[in-house]
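First comes the structure, then the notes that go with it.
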Amino acid sequence: MNELINSAIALRNDIQVINEFLLKGLAPEEAQLQLVAKSCVLLGELDDTLEQLKDTASCK
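Going by the UniProt record's numbering, the letters in the sequence shown line up with residues 1 to 60, in that order.
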């Protein structure tokens with residue numbers, strides 16, 4: 001379960017870094033689009049990880 005928690009924290013941190021960078025608006029438009037897409041993928045992974053964590057916790 002610790003692995004899932006650590007994974008969720010790492011994903012959240014990655015998403016936060018991307019969002020903070022996007023808010024600064026320093027990247028070219030194409031790079032911004034790629035970062036938004038990456039952020040969406042990470043959000044999906046975070047959702048999956050949180051679901052796994054919920055399932056693991058409910059089994060105990």
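The C-beta atom is built at its ideal place from N, Cα and C for all residues, glycine as well.
Small disclaimer: the values here were computed from a predicted structure and weren't measured.
Secondary structure of residue i, DSSP reduced to three states
| i | result |
| --- | --- |
| Leu33 | helix |
| Leu26 | coil |
Inter-residue spacing [alpha-carbon to alpha-carbon] between residue i and residue j
| i | j | result |
| --- | --- | --- |
| Asp48 | Lys38 | 15 Å |
| Thr56 | Glu29 | 40 Å |
| Ile9 | Leu26 | 26 Å |
| Leu42 | Gln16 | 10 Å |
Best match in the options for proximity to residue i [C-alpha to C-alpha]
| i | options | result |
| --- | --- | --- |
| Gly44 | Asp14, Glu29 and Asn2 | Asp14 |
| Cys40 | Asn6, Pro28, Glu3 and Ile18 | Ile18 |
| Ser7 | Leu46, Gln32, Glu20 and Leu33 | Leu46 |
Beta-carbon proximity check, residue i vs residue j, cutoff 7 Å
| i | j | result |
| --- | --- | --- |
| Leu35 | Leu22 | yes |
| Leu11 | Gln52 | no |
Beta carbon proximity, residue i to chain D, threshold 7 Å
| i | result |
| --- | --- |
| Leu26 | The structure shown contains no chain D; it holds only a single protein chain. |
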